[in-house]
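In this note's numbering, the protein residues as written are 459 to 691.
Remarks on the structure that follows.
Set out below in structure tokens:
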């Protein structure tokens, strides 16, 4: 049930849909019904072993399964969800979207057999600037629905590098080379981990992080992201 204080706050400062800008009703959260209906969902969780995202990692990184919530295109209306999460200081957007995607794909059996969640870490400099790790916020939302624990101590991002946004495939790969460091191999020994990121374009960041995680014996890796950039494979 929606509390009195929530209703009062919504009356004073009504939340708006970040995609279309319309006012949200009392029963809507983050997205209005129309934008939620038209969100360009990928439905990758229905074929988690063989889809466009999974194929991004073929040859590059052995993964168990992969899914993304929606197709992402820079400067599109839907991209406002990611901009709000990463650049407009709305960590709650990540948690809400994490819960949304988890609720929608849990019935597909995507989380079966997974032992823990590992959000792709941020460098300390970026974490100080932003105040939070967007991948961690998504992971928290997923964890709330699935009950899977979050292991945020396993891998560390060693350094701050330039944004990946304007780089091509090979520049992205070089930009994240040797970026991560495995800190607790014992915690993921013989475990199936779910690596979570906000958007996958070429997959370079996931591959770099996954390569470091692979140093742990018997590890299996699956991938979940909010957005997937189509046509970059």
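For glycine and all other residues, C-beta sits at the position ideal for the given N, C-alpha and C.
Problem set entry | Short Cβ contact (8 Å threshold) for residue 650 with residue 680 | Start at 1 with the first residue of the chain shown, and residue 650 comes out as number 192. Start at 1 with the first residue of the chain shown, and residue 680 comes out as number 222. In contact: residue 650 and residue 680 (Cβ atoms closer than 8 Å).
For this session: Using three-state DSSP, classify residue 680 as helix, strand or coil.
Result: As a working mapping, residue 680 is identified with position 222 in the chain shown. Reduced to three states, the DSSP call for residue 680 is strand.
For this session: Give the range of the alpha helix (DSSP H) segment to which residue 657 is assigned.
Result: The sequence position of residue 657 within the chain shown is 199, counting from 1. Here residue 657 belongs to no alpha helix (DSSP H); instead the beta strand (DSSP E) covers 650-658.
For this session: Can you give me the Cβ contacts of residue 566 inside the same chain, cut-off strictly under 6 Å, excluding the 5 residues immediately before and after it?
Result: Stepping through the chain shown from its first residue, residue 566 is reached at position 108. 503 and 504, listed in sequence order.
Exercise. According to DSSP, which residues form a beta bridge with residue 574?
Worked result: Translated into the one-based positions of the chain shown, residue 574 becomes position 116. For residue 574, which the question treats as bridged, DSSP gives the partners 651.
Problem set entry | Touch test, the region 659-675 against the region 480-497, Cβ-Cβ under 8 Å, three pairs minimum | They do not touch, by the three-pair rule.
Problem set entry | Own chain residues within Cβ distance below 6 Å of residue 559, not counting five before or after | Taking the first residue of the chain shown as 1, we reach residue 559 at position 101. Excluding sequence neighbours, residue 559 sits near 527.
For this session: Look at the alpha carbon of residue 475 and the alpha carbon of residue 539, and state the distance between them as a whole number of angstroms.
Result: Taking the first residue of the chain shown as position 1, residue 475 is located at position 17. Taking the first residue of the chain shown as position 1, residue 539 is located at position 81. Cα atoms of residue 475 and residue 539: separation of roughly 9 Å, rounded to the nearest angstrom.
Exercise. Contact between the region 540-555 and the region 570-580: three or more CB pairs below 8 Å?
Worked result: Flag = no, the region 540-555 and the region 570-580 do not touch.
Problem set entry | Rounded separation between residue 485 and residue 598 - CA only | The residue labelled residue 485 in the question sits at position 27 within the chain shown. The residue labelled residue 598 in the question sits at position 140 within the chain shown. Whole-angstrom Cα-Cα distance: 22 Å.
For this session: Take residue 515 and list the residues in its own chain whose beta-carbon comes closer than 6 Å to its own, dropping the five residues that flank it on each side.
Result: Here residue 515 refers to the residue found at position 57 when the chain shown is read from its first residue. Once the five neighbours on either side are set aside, the close Cβ partners of residue 515 are 521 and 661.
Exercise. So, residue 506 versus residue 524, is the Cβ gap smaller than 8 Å?
Worked result: As a working note, residue 506 is residue 48 in the chain shown. As a working note, residue 524 is residue 66 in the chain shown. Yes, these two residues count as a Cβ contact at 8 Å.
Problem set entry | Minimum C-alpha distance to residue 589 - residue among 549, 563 and 675 | Taking the chain shown and counting its residues from 1, one reaches residue 589 at position 131. Ranking the options by Cα distance to residue 589, first place goes to 549.
Problem set entry | Coarse secondary structure for residue 687, derived from DSSP in three states | Here residue 687 refers to the residue found at position 229 of the chain shown. It is coil, neither helix nor strand.
Exercise. Around the C-beta of residue 570, are 16 or more other C-beta atoms found within 10 angstroms, so that it is buried, or is it exposed?
Worked result: Stepping through the chain shown from its first residue, residue 570 is reached at position 112. Exposed is the call here.
For this session: Tell me whether residue 644 is buried or exposed, calling it buried when 16 or more other Cβ atoms sit within 10 Å of its Cβ.
Result: Against the chain shown, residue 644 aligns to sequence position 186. Classification for residue 644: exposed.
Exercise. Taking Cβ to Cβ, would you say residue 614 is nearer than 8 Å to residue 593?
Worked result: Locating residue 614 in the chain shown gives position 156, counting from the first residue. Locating residue 593 in the chain shown gives position 135, counting from the first residue. For residue 614 and residue 593, no; Cβs fall outside 8 Å.
Exercise. Cα separation between residue 608 and residue 652?
Worked result: The count along the chain shown starts at 1 and reaches residue 608 at position 150. The count along the chain shown starts at 1 and reaches residue 652 at position 194. Computed Cα separation, rounded: 9 Å.
For this session: Could you name the residues that DSSP lists as bridge partners for residue 639?
Result: Locating residue 639 in the chain shown gives position 181, where the first residue counts as 1. For residue 639, which the question treats as bridged, DSSP gives the partners 614.
For this session: Tell me whether residue 666 sits in a helix, a strand or coil according to DSSP, three-state version.
Result: Residue 666 sits at position 208 when you count from the first residue of the chain shown. Residue state, collapsed to three classes: helix.
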